[in-house]
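Protein chains: 2
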Amino acid sequence: MGLKGVFLLLIFLFPLCMAFAIPTTLFPRVHYPVDSLKQVTSLKPKIPFETRFYPQLLDHFTFTPKSSKRFYQKYLINEQYWRNGAPIFVYTGNEGDIEWFAANTGFLPDIAPKFHALLVFIEHRFYGESKPFGMDSYNSAETLGYLTSQQALADYAVLIRSLKQNLSSEASPVVVFGGSYGGMLAAWFRMKYPHITIGALASSAPILHFDNIVPRSSFYDAVSQDFKDASLNCYEVIKGSWAELQQAFTEEGLAELSKTFRTCKNLHSVSSVRDWLWSAFVYTTMVNYPTEANFMRPLPAYPIQEMCKIIDAFAPETSKLDKVFAAASLYYNYSHGEKCFNLENGPDLHGLSGWNWQACTEMVMPMTCSNESMFPPSEFDYEEFATDCRKKYGVSPRPHWITTEFGGERIEEVLKRFGSNIIFSNGMQDPWSRGGVLRNISTSIVAIVTEKGAHHVDFRSATKDDPDWLVEQRRQEVEIIHQWINVYYADMKQDKKFI
Amino acid sequence: MGLKGVFLLLIFLFPLCMAFAIPTTLFPRVHYPVDSLKQVTSLKPKIPFETRFYPQLLDHFTFTPKSSKRFYQKYLINEQYWRNGAPIFVYTGNEGDIEWFAANTGFLPDIAPKFHALLVFIEHRFYGESKPFGMDSYNSAETLGYLTSQQALADYAVLIRSLKQNLSSEASPVVVFGGSYGGMLAAWFRMKYPHITIGALASSAPILHFDNIVPRSSFYDAVSQDFKDASLNCYEVIKGSWAELQQAFTEEGLAELSKTFRTCKNLHSVSSVRDWLWSAFVYTTMVNYPTEANFMRPLPAYPIQEMCKIIDAFAPETSKLDKVFAAASLYYNYSHGEKCFNLENGPDLHGLSGWNWQACTEMVMPMTCSNESMFPPSEFDYEEFATDCRKKYGVSPRPHWITTEFGGERIEEVLKRFGSNIIFSNGMQDPWSRGGVLRNISTSIVAIVTEKGAHHVDFRSATKDDPDWLVEQRRQEVEIIHQWINVYYADMKQDKKFI
């Protein structure tokens, strides 16, 4: 899951709680060392994929002269297990290079043979090589304006339909898969395009993280609960560390802090330390996997427990900053390769990136830190957020649009009477699970929840070290997908058109 | 139903078969006397409506700077039967002034009292007073580009949500109603926005009239069948009349024709006669109602039967043109007020009208005339059609977009496993019924088909002359809607949020 995870983590973390009395930036930077990026891009898929490009329409929902512009949308395809008429498994790409998702969704190559499935990974518009205006795509709202989830879903619909026609396999059932934002897209795709896909496996898809559907503090409360479950002392040390950090906001304090955090260059602000720690705790929570893994960075099995062991091993009187530095080092330096840390020089991933645009337009996920969280308490100031978006992009967010377009409120009542064939899988270690669907809605819109699972762990390649619950989770998912497909073929047999 | 009917008929008739060897225009004009328009606009709704305007977003699906422009969308509201928490009945306006639809959907005021329902008629963008660019709205593709069915559905979603919030009645169940294109919108709205509406009554909604889902000749075959059912001789006279008409394409012939058709001015072409006759036969078929009605024009009960009686009363040797003129006169002159007919001077309803734009972009409904029809055989020449659209509007149609966005192919297989609570009502006299859903798909996606019904006859105000089958049809519809609402309230009771 290496790269994919990294990417998701970075971009999903956007709505950090406001830390400290005077936040230095509305969206604290997430540090992400350049060398780690390089490492991740070298990952390869388990099986070879052919790269293709589809001439996609810029704007499906209007007919202005500009709307009919075409751009080349990238997709990856593997036919090695497929036979005509057999299922087509489509990964609904999220906010990144589709190669990353193909390399990090071993689950699909793992299960394709038993379904004789065609595998297709479609890149999301405006990411990777699928930029409608090339290098100019991110210039302004004039171009970025076409980066929306509904356009992306329509892209998938158009491309899948064309692909099936070209393969002369129009009767093939299509199942969509996605993780994180990709999981949201997969679930929404099934809801909006049931005539194109027979079902969706949406892994770690926080489709309820909009408006006030789930409590705004739930994300950071979940992070905190994971640490508290590992060790109460660990949780309290982290919770207390922010006050110590804030006290260091003097020239001398920064010099001392630079030493404590082994920074390569002297620090100029405490906010970079705050963000660095914050990222370590949040990302580690998301990837609190049961096995050693290299999702974002190399980490041991159950890394939260390991972090807390480090904190708990210190003498009680040691400064909290020393303790949290040591804990964060597990995340940043598990392989012990780093001599010093660049806390202030990471690439500006909060610049004009695609996800930031999406977060400033439709993907408004308000988050707060409650008094119970291990982070400093904070509110979500919508006006401040909106002002910042207008300043950055010249657009105003539409904070209620996602729930208008895709629903979410009273989702159980709505979907128990409408729709079918969606699996929402969530691991409760993952703080995003709190914005996911965690209970069965109907006989065929089901939740698979694993207490020890983390961010779309089910999509990782199977390994010999996988715990039983993970093996069982994947078995269940495969079984349900088999049922969908069997019902589809049975229906098809009854439909004279296809006999 | 007066005005609404007229309007629908006119705009829905766009894909006329190509008549004669050399069609004079790709889209034969439909004659529509100005005095009739005046008559129709004087119709008033059965109950008073308050007119309101909602500041609607120009483009829901992009975030370009232009997309955030607001325009005022008109809607009509009547609260006289309503109480807070009770149902909201929304008419999803189609291609015309919303006043017309309110005036011509007596069914809703008829049933509102027993539901204590709020009535809302929302105007479709680009029609009536809801023109996003005012007088410039129809200038070019730059402005017209925002006239699409998906934008219209999103308008309805946003407006309904806002309305419920303003009424502090967010728990009110919403049921949507629509006839003809409005029926397509109602059905699609339930499919795409199940979180906003609990069900849809889609009357005479030809959602399958796209691509090759239903045979392309079905519309005109249905018209012909209605005439054949009335009288074989009648059908044969009409079928034979086109050849006689074609022979009149000389100076002398036209002079003779002008006399036969009692034209106010001398004719310059036979195509205007062809279109005049064509309109009479097609429109009469659509409104072949069981009672005397003034839907488009005043007509007797079962006007096809009356037309055929006129034709059959002639001596066999009389010229066919004399016979069809007399038959068409029933349609144009039932009240005997016309001294002569303006066949060539009707308003240009096929100019830059909204429906022509929609037909040239997404609403591509290919139609042909088979050898069995009473019209001259013809094919649908897509290239010619697309070229004409490009010439007229500078845009290319997207002929497969509606089926990609809304489905339609294998609809029974898809919707029996997905979705709920849609009534598709169709009258088999109406040729549009052939593109409708005519069989139950599941226990809650049902078809109500009446052999003697015509174009959304169920939406007309109840009258004392209504036949039993029509009374029964409306009773069934009300009963089903009652069930939806009861289930919704029962679900709500179980949902703690709303107790």
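For the record, the sequence lines run as chains A and B. At the far end of the first sequence sits residue 499, using this note's numbering, and the numbering has no gaps. At the far end of the second sequence sits residue 499, using this note's numbering, and the numbering has no gaps. By construction, the Cβ of each residue, glycine as well, lies at the ideal position given by its N, Cα and C atoms. Predicted model only: the values in this text are computed from it and were never measured.
**Request:** Could you please give the first and the last residue of the uninterrupted beta strand (DSSP E) stretch that includes G427 of chain A?
**Result:** For G427 of chain A, the uninterrupted beta strand (DSSP E) run begins and ends at 422–427, by DSSP.
**Asked** Quick one: what does DSSP say N78 of chain A is sitting in, helix, strand or coil?
**Response** In the displayed model, N78 of chain A falls within a strand according to three-state DSSP.
**Item:** Three or more C-beta pairs below 8 Å linking the segment 450–466 of chain A and the segment 228–248 of chain A
**Value:** no
**Message:** Ignoring anything shorter than 4 residues, give me the alpha helix (DSSP H) runs that lie fully in the segment 126–161 of chain A, in order along the chain.
**Reply:** 141–144
**Request:** Pull out every residue of the segment 362–396 of chain B whose Cβ sits closer than 7 Å to any Cβ of chain A, in chain order.
**Result:** G394, V395, S396
**Request:** Could you tell me whether any Cβ in chain B is nearer than 7 Å to the Cβ of S420 of chain A?
**Result:** At least one CB atom of chain B sits nearer than 7 Å to the CB of S420 of chain A.
**Request:** Output the residue ranges of the alpha helix (DSSP H) runs that lie fully inside the segment 401–487 of chain A and measure 4 residues or longer, sorted by chain position.
**Result:** 401–406, 411–416
**Request:** Locate the beta strand (DSSP E) running through T51 of chain A, then write down its first and last residues.
**Result:** 50–57
**Message:** Can you pull the chain A neighbours of A141 of chain B, defined as C-beta to C-beta under 7 Å?
**Reply:** F63, T64, P65
**Asked** Which residues share a DSSP beta bridge with T263 of chain A?
**Response** Beta-bridge pairing links T263 of chain A to A:F341.
**Asked** Using a Cβ-Cβ cut-off of 7 Å (strictly less than) and excluding sequence neighbours within five positions of V449 of chain B, which residues of its own chain qualify?
**Response** The answer, listed in chain order, is N426, M428, L438.
**Asked** So is H195 of chain B in contact with chain A if we call contact Cβ pairs under 7 Å?
**Response** yes
**Message:** At the 7 Å Cβ level, is L16 of chain B part of the contact set with chain A, yes or no?
**Reply:** Per-residue confidence for L16 of chain B stands at a pLDDT of 43, beneath the threshold of 50, marking its modelled position as unreliable; the derived number appears in the next sentence. So no, L16 of chain B is outside the interface.
**Message:** Taking 7 Å as the threshold (beta carbon to beta carbon), is D136 of chain A in contact with chain B?
**Reply:** Not an interface residue.
**Request:** Measure from the C-beta of E479 of chain A to each C-beta in chain B and report whether the shortest distance is under 7 Å.
**Result:** E479 of chain A does not count as touching chain B.
**Request:** Quick one: measure Cβ to Cβ for L119 of chain A and N94 of chain A, integer angstroms, because I've assumed they're closer than 8 Å.
**Result:** Not really, about 17 Å apart at Cβ, beyond 8 Å.
**Prompt:** In chain A, which residues lie with their C-beta within 7 Å of the C-beta of Q150 of chain B?
**Reply:** F61
**Prompt:** Applying a beta-carbon distance threshold of less than 8 Å, which residues of chain A neighbour G501 of chain B?
**Reply:** Because chain B is modelled from 1 through 499, residue 501 of chain B falls outside the range shown and cannot be assessed.
**Message:** Less than 7 Å between CB atoms is the rule here; does Y146 of chain B satisfy it with respect to chain A?
**Reply:** yes
**Asked** Which residues of chain A have a Cβ atom closer than 8 Å to the Cβ of T443 of chain B, listed in chain order?
**Response** Here the premise fails: no neighbours, minimum Cβ distance about 12 Å.
**Message:** Comparing C-alpha positions only, which one of B:E451, B:T443, B:Q483, B:L415 sits nearest to P431 of chain B?
**Reply:** B:E451
**C-beta atoms of F249 of chain A and V270 of chain A nearer than 7 Å** = For the 7 Å CB-CB criterion, F249 of chain A and V270 of chain A form a contact.
**Request:** Kindly indicate if chain B contains any beta-carbon less than 7 Å away from that of R439 of chain A.
**Result:** no
**Message:** By the three-class DSSP mapping on this structure, what secondary structure does A200 of chain B have?
**Reply:** Reduced to three states, the DSSP call for A200 of chain B is strand.
**Message:** What residue range does the beta strand (DSSP E) around I88 of chain A cover?
**Reply:** For I88 of chain A, the enclosing beta strand (DSSP E) covers residues 88–92.
**Request:** With a cut-off of 8 Å on the beta carbons, I'd call F280 of chain B and A328 of chain B a contact; round off their distance for me.
**Result:** Here residue 280 of chain B turns out to be Ala, not Phe, going by the sequence shown. That pair is a contact at about 4 Å.
**Message:** By the DSSP assignment, the beta strand (DSSP E) with I207 of chain B in it spans what residues?
**Reply:** Run containing I207 of chain B: none; DSSP gives neither H nor E here.
**Asked** Does DSSP classify V47 of chain A as helix, strand or coil?
**Response** Note that residue 47 of chain A is Ile in the sequence shown here, rather than Val. Note: I47 of chain A maps to coil in three-state DSSP.
**Asked** First and last residue of the beta strand (DSSP E) that includes F219 of chain B?
**Response** No beta strand (DSSP E) holds F219 of chain B; the alpha helix (DSSP H) holding it covers 218–230.
**Asked** Just the Cα atoms here: how many angstroms apart are A200 of chain A and I422 of chain A?
**Response** For A200 of chain A and I422 of chain A, the distance between alpha carbons rounds to 5 Å.
**Nearest-angstrom Cβ-Cβ length linking I198 of chain B and Y156 of chain B, presumed shorter than 8 Å** = About 14 Å; that fails the 8 Å criterion.
**Request:** Buried or exposed for G408 of chain B, please, with buried defined as at least 16 other CB atoms from any protein chain shown within 10 angstroms of its CB.
**Result:** buried
**Item:** Any chain A beta carbon closer than 7 Å to D110 of chain B
**Value:** Chain A, which has no Cβ nearer than 7 Å to the Cβ of D110 of chain B, makes this no.
**Request:** Could you have a look at R190 of chain B and say whether DSSP puts it in helix, strand or coil?
**Result:** helix
**Item:** Simplified DSSP assignment, three categories, for A315 of chain A
**Value:** coil
**Asked** In whole angstroms, what separates the C-alpha of H124 of chain A from that of G96 of chain A?
**Response** 7 Å
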